[in-house]
Amino acid sequence: MPGKILERDEYTAIVDVMGSRLKIGILLTPDVEVGDWVLVHAGKALQVIDEQFALESIEAWKLINELREQGVIDPTDR
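Numbering (full-length UniProt numbering), first residue to last: 1 to 78.
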């Protein structure tokens, strides 16, 4: 999930992921700065991503969630 860096210290950062504030590890992205977008997985920032990609990804996740709520797609279907 894309997350925007709100605060950071040496080894961790606070990110906004679709309105939720999460504390994540930034050891894999040591040069990340407040305002940067990162790809977050399993409580870690995997890489820095550009804002356009982040915003497009968030819109895609919102659409997926809407379709799940409407029963159009089944999250247990593989």
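Positions of the beta carbon are idealized from the N, C-alpha and C atoms, including for glycine.
None of these values were measured; they are calculated from a predicted model.
With distance defined between alpha-carbon atoms, name the residue in the options nearest to residue i.
i            : options                       : result
serine 20    : Ile58, Glu33, Gln52 and Leu27 : Ile58
alanine 54   : Arg68, Asn65, Trp37 and Leu63 : Trp37
aspartate 31 : Val17, Trp61 and Arg8         : Arg8
Quick one: is residue i near chain B, going by C-beta distance under 8 Å?
i             : result
isoleucine 64 : No chain B appears in the structure shown, which is made up of a single protein chain.
Measure how close the beta-carbons of residue i and residue j come, nearest whole angstrom, since I'm counting them as under 8 Å.
i          : j             : result
alanine 45 : isoleucine 14 : Alanine 45 to isoleucine 14, Cβ: 11 Å. No contact.
Could you pull out every residue in the same chain whose Cβ sits closer than 8 Å to the Cβ of residue i, ignoring the five residues on either side in sequence?
i            : result
valine 40    : Met1, Pro2, Gly3, Val15, Val17, Leu22, Ile24 and Leu46
aspartate 50 : Trp37
threonine 12 : Lys23, Ile24, Gly25 and Ile26
glutamate 33 : Ile5 and Arg8
Is the closest heavy atom of the ligand FMN to the C-beta of residue i under 7 Å?
i            : result
glutamate 33 : With respect to the ligand FMN, the structure offers nothing, as it holds no ligand at all.
Between which two residues does the beta strand (DSSP E) harbouring residue i extend?
i            : result
glutamine 70 : Note, glutamine 70: premise wrong, no beta strand (DSSP E); not H, not E.
proline 75   : No beta strand (DSSP E) contains proline 75, which DSSP labels as neither H nor E.
isoleucine 5 : 2-8
aspartate 16 : 12-17
leucine 28   : Where leucine 28 is concerned, there is no enclosing beta strand (DSSP E), given that its DSSP letter is neither H nor E.
Might you give, ordered along the chain, the residues of its own chain that have their beta carbon closer than 7 Å to the beta carbon of residue i, omitting 5 neighbours on each side?
i            : result
threonine 29 : Val38, Ala45, Gln47 and Val48
Point to revise | beta strand (DSSP E) segments (min. 3 residues) lying fully within the stretch 33-64 | key: 37-41 and 44-49
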